[in-house]
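J.: Residue numbers (my numbering): 16 to 374. Cβ coordinates follow ideal geometry from the N, Cα and C atoms, glycine included.
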């Protein structure tokens with residue numbers, strides 16, 4: 016019997032943690048993965064859904080279109096240990112039972128989480144929790160899966176389609192060395208650092224959290240960064256030049272400066288623009304931004320770094336209220352993240368179908 020999802024929405028790391036939690040409780044578990052997509056698919060390659068032996072599930076491979084069939088296959092997989100390959104194409108009158116209403120096609124593979132795969136999931140969880148990307152390589156011939164860590168992903172000797180896919184942070188099938196592989200890339204969760212516990216931050220912080228960002232609010236002004244104003248939020252009352260190095264800035268982090276106060280914003284922007292942050296933005300009018308650029312230039316920020324600064328911050332949707340400005344900023348963040356900035360190598364197009372895959 017299939018039961019409803021435990022919690023929605025859930026992010027990638029929570030899906031893997033849920034699988035491990037069920038395993039620790041002694042339950043049989045299977046994991047379904049979107050191995051390949053064609054056309055307008057509802058979920059990207061690499062999307063997971065995990066199922067336990069009683070029918071509870073977590074995650075999604077199709078945004079609901081074909082979950083019932085995938086869960087049924089997962090329960091069979093738990094029972095007999097045999098992996099399953101499923102393919103779903105354009106839907107007809109049975110669209111919401113066993114087809115895709117979007118008109119695309121997906122290949123989904125389902126495997127039982129045995130001891131070996133459980134150990135790999137634990138390593139993946141540990142690597143991403145430490146904000147280190149990793150990638151799982153699965154051979155279609157049934158060979159043992161291999162986990163690549165950050166140094167191996169960045170290895171310049173990894174050439175061809177596999178190296179390009181890893182450096183692009185992409186998931187999907189790839190031909191490498193005459194073999195067919197499935198690559199599942201796992202990156203750290205997206206993080207948003209808000210500089211300034213202002214009204215816009217009060218609206219933006221919960222919105223970004225719902226969208227899957229880990230949010231940190233940095234403001235040395237205790238009256239602003241008060242728990243009463245940001246219930247449940249992670250607050251850091253240090254000055255940005257102390258807080259940001261301690262928090263750590265990486266290619267999965269966005270920084271939004273919101274205070275209008277140069278004593279707070281400027282140091283944060285200098286650090287963020289010198290890092291690999293995928294997004295750096297600052298609130299303020301064009302006139303305010305002009306003066307900001309003069310200060311940053313005078314403080315030695317190079318022109319190439321300044322060009323990365325998005326200001327006035329947010330997409331131009333005629334936002335006026337703090338909530339509307341928050342929507343415009345979050346929209347720009349999602350757009351920037353989807354464009355995979357700082358990754359100049361594009362992932363290769365999948366060629367043909369994959370015959371097997373893993374978690």
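Look at the alpha carbon of residue 27 and the alpha carbon of residue 313, and state the distance between them as a whole number of angstroms.
T.: When rounded, the distance between both Cα atoms is 42 Å.
J.: Could you tell me the alpha carbon to alpha carbon distance between residue 34 and residue 276, rounded to whole angstroms?
T.: Their Cα atoms are separated by approximately 46 Å.
J.: In or out: residue 280 buried (at least 16 other Cβ within 10 Å) or exposed?
T.: With 16 or more other Cβ atoms within 10 Å, it is buried.
J.: So, with DSSP's three-state summary, where would you put residue 40?
T.: Coil, per DSSP.
J.: Can you tell which of 310, 348 and 290 has the C-alpha that lies nearest to the C-alpha of residue 222?
T.: Of 310, 348 and 290, the residue nearest in Cα terms is 348.
J.: By Cβ distance below 8 Å, which residues in the same chain neighbour residue 32 in space, the five residues on each side in sequence not counted?
T.: 140.
J.: Mind checking whether residue 123 and residue 66 have CB atoms under 8 Å apart?
T.: No, these two residues do not count as a Cβ contact at 8 Å.
J.: Three or more C-beta pairs under 8 Å: does that hold for the segment 190–202 against the segment 248–262?
T.: The segment 190–202, when compared against the segment 248–262, does not touch it at the 8 Å Cβ threshold.
J.: Would you kindly check if the distance between the Cβ of residue 146 and the Cβ of residue 267 is under 8 Å?
T.: For residue 267 and residue 146, yes; Cβs fall inside 8 Å.
J.: Alpha carbon to alpha carbon, how far is residue 178 from residue 269? Give it in angstroms, no decimals.
T.: The alpha-carbon atoms of residue 269 and residue 178 are separated by roughly 26 Å.
J.: Candidates 309, 345, 196 and 321: which alpha carbon is nearest residue 331's?
T.: Nearest C-alpha to residue 331: 345.
J.: Thinking residue 230 and residue 220 are a contact (beta carbons under 8 Å), I'd like their distance in whole angstroms, please.
T.: Sure, about 5 Å apart at Cβ, within 8 Å.
J.: Does residue 16 pass the burial test, meaning 16 or more other C-beta atoms within 10 Å, or should it be called exposed?
T.: Reliability fails at residue 16, whose pLDDT of 35 lies under 50, so the model's placement of it is uncertain and the value that follows must be treated cautiously. Exposed, since its Cβ has fewer than 16 Cβ neighbours within 10 Å.
J.: According to DSSP, which residues form a beta bridge with residue 67?
T.: The partner list for residue 67 (beta bridge, DSSP) reads 44.
J.: Which class does residue 253 belong to by DSSP, given the choice of helix, strand or coil?
T.: Coil.
J.: What does the alpha-carbon distance come out to for the pair residue 202 and residue 184?
T.: Cα-Cα distance, rounded: 8 Å.
J.: Report buried or exposed for residue 153, applying the criterion of at least 16 other Cβ atoms within 10 angstroms of its Cβ.
T.: Residue 153 is buried by the Cβ-count criterion.
J.: What are the start and end residues of the alpha helix (DSSP H) that includes residue 215?
T.: Residue 215 -> alpha helix (DSSP H) spans 214–225.
J.: From this set, 341, 290 and 216, which residue's C-alpha is nearest residue 321's C-alpha?
T.: Comparing Cα-Cα distances from residue 321 to each of 341, 290 and 216, the minimum goes to 290.
J.: At the level of alpha carbons, what is the spacing between residue 119 and residue 57?
T.: Cα to Cα, residue 119 sits roughly 8 Å from residue 57.
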